[in-house]
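Residue numbers (the working numbering): 1 to 207.
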């Protein structure tokens with residue numbers, strides 16, 4: 001039985017934006033505010049859930065995992081008027097600092113097995129929108145929080161995606177199979193700790 005936290009981290013409503021024939025899945029802390037505001041200004045269509053299965057390729061922007069985690073934690077604390085003691089490394093309470101892999105897996109729930117995710121570096125955002133919406137002025141936090149040992153396996157998988165898949169297009173099964181082959185220890189640790197992933201076993205490699 002899933003918890004309310006599962007519903008926060010893995011919402012059942014998944015949205016992809018139709019950018020004039022390019023389909024973008026915005027991930028929090030990866031220029032999502034700029035992408036969403038640009039889409040709103042131009043009345044771009046939003047594609048939701050089962051409609052996503054019709055898409056052949058979905059574009060995703062990736063960010064360096066540690067920098068994203070620190071930024072996401074700072075945003076979460078600011079939005080909820082909390083201090084750093086509210087954060088337990090390795091425990092995710094909000095999507096702003098949820099690993100990028102987990103965002104991808106939630107998207108995969110609604111993708112056709114033959115569809116592909118095309119990965120871009122964050123620097124490529126200028127090819128899609130001229131907007132540069134800066135985040136709220138948040139309290140500076142110690143970046144060493146991202147180096148905690150309980151985050152290591154999550155960071156390893158996100159780094160694999162960033163460093164090895166950027167600029168390429170991969171199906172859901174190809175992505176997960178690659179992560180398993182490259183770093184089985186991190187793969188089994190992360191998948192084993194994430195209850196909601198059981199819901200998307202159709203994209204996970206058989207082991």
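C-beta: ideal position from N, C-alpha, C; glycine also.
Remember, predicted model here, so these are calculated numbers, not experimental data.
Which word fits residue i, buried or exposed, when buried means at least 16 other C-beta atoms lie within 10 angstroms of its C-beta?
| i | result |
| --- | --- |
| residue 39 | buried |
| residue 54 | exposed |
| residue 187 | buried |
| residue 153 | buried |
| residue 14 | buried |
| residue 106 | buried |
| residue 46 | exposed |
From residue i to residue j, what distance separates their C-alpha atoms?
| i | j | result |
| --- | --- | --- |
| residue 207 | residue 112 | Low per-residue confidence applies at residue 207: pLDDT is 47, beneath 50, and the placement is therefore not dependable enough to give any value. |
| residue 1 | residue 7 | Legend: pLDDT at residue 1 = 39, less than 50; position of this residue unreliable, value from coordinates given subsequently. Looking at the two C-alpha atoms, the distance is approximately 11 angstroms. |
| residue 140 | residue 87 | 14 angstroms |
| residue 82 | residue 114 | 43 angstroms |
| residue 136 | residue 75 | 8 angstroms |
Tell me, which residues are paired with residue i by DSSP?
| i | result |
| --- | --- |
| residue 57 | 116 |
| residue 170 | 117 |
| residue 16 | 47 |
| residue 69 | Its beta-bridge partners do not exist; DSSP assigns none. |
| residue 24 | 17 and 59 |
Taking the alpha carbon of residue i as the point to measure from, which residue in the options has its own alpha carbon closest?
| i | options | result |
| --- | --- | --- |
| residue 125 | 67, 144, 27 and 79 | 27 |
| residue 49 | 29, 16, 24 and 41 | 16 |
| residue 99 | 29, 47 and 21 | 29 |
| residue 79 | 66, 69, 67 and 94 | 94 |
| residue 167 | 144, 121 and 77 | 121 |
Quick one, are the C-beta atoms of residue i and residue j less than 8 angstroms apart?
| i | j | result |
| --- | --- | --- |
| residue 119 | residue 165 | yes |
| residue 90 | residue 151 | yes |
| residue 44 | residue 25 | no |
| residue 33 | residue 129 | no |
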